[in-house]
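J.: Residue numbering for the sequence shown follows this note's numbering, starting at -19 and increasing by one per position. Quick reminder that beta carbons are idealized off the backbone N, C-alpha and C, glycines included. Here it is: the structure, laid out below.
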Amino acid sequence: MRYFYRAHCAPEAVLEFAGKYFAARGCTAQVGQGDHARYTGPLGHVDLNVEVEGGHYTRVDLATAAVGESDLDKRVKRFLSELHQMEEPSHLVRGAY
């Protein structure tokens, strides 16, 4: 599955937040060149790419190798919700994922 989000913070802030988020869930990071990272854990791996797009926001792309909705996909969705809350503290994270 593939997911994307338009963040309003710098790519470095997204990568730092992702590193903490996925490490807390038992994943190890393999940081690639530029603004790319892969987080690998017992459920599979997540590829993260961030890039400044249009000068107004940071595009956050995440991909898993899962077909359909898996537990790993739920963690990715939760990451995106918590990233939104980091940027906008008044955002309420909902859902059991």
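For L60, which residues from the same chain have a beta carbon less than 6 Å from its beta carbon, with the 5 sequence-adjacent residues on both sides left out?
T.: Y(-15).
J.: Between G14 and chain D, is the shortest Cβ-Cβ distance under 9 Å, so that the two count as touching?
T.: In the structure shown, chain D cannot be found, because there is only a single protein chain.
J.: Specify whether the segment 29 to 39 and the segment 50 to 58 touch according to this definition: at least 3 beta carbon pairs, one from each stretch, less than 8 Å apart.
T.: Not touching, per the Cβ criterion.
J.: Which first and last residues belong to the alpha helix (DSSP H) in which V11 is found?
T.: That residue, V11, is in no alpha helix (DSSP H); its beta strand (DSSP E) goes 8 to 11.
J.: What residue does the beta strand (DSSP E) around V40 start on, and which one ends it?
T.: 37 to 44 is the extent of the beta strand (DSSP E) around V40.
J.: Check each candidate in V11, A4, P69, E68 and name the one with the smallest Cα separation from D27.
T.: When each option's Cα is compared against that of D27, the closest is V11.
J.: Provide the residue span of the beta strand (DSSP E) that contains V47, from first to last.
T.: Per DSSP, V47 belongs to no beta strand (DSSP E) and is neither H nor E.
J.: Could you check which residue in Y(-17), H(-12), R(-18) has the C-alpha nearest to that of G35?
T.: Nearest option by C-alpha distance: H(-12).
J.: Have a look at Q43 and E68 and give me their C-alpha separation to the nearest angstrom.
T.: The identity of residue 43 in the sequence shown is Ala, whereas the question assumes Gln. If you take the alpha carbons of A43 and E68, they lie about 24 Å apart.
J.: Grouping DSSP H, G and I as helix and E and B as strand, with all else coil, what is L28?
T.: Three-state DSSP puts L28 in a strand.
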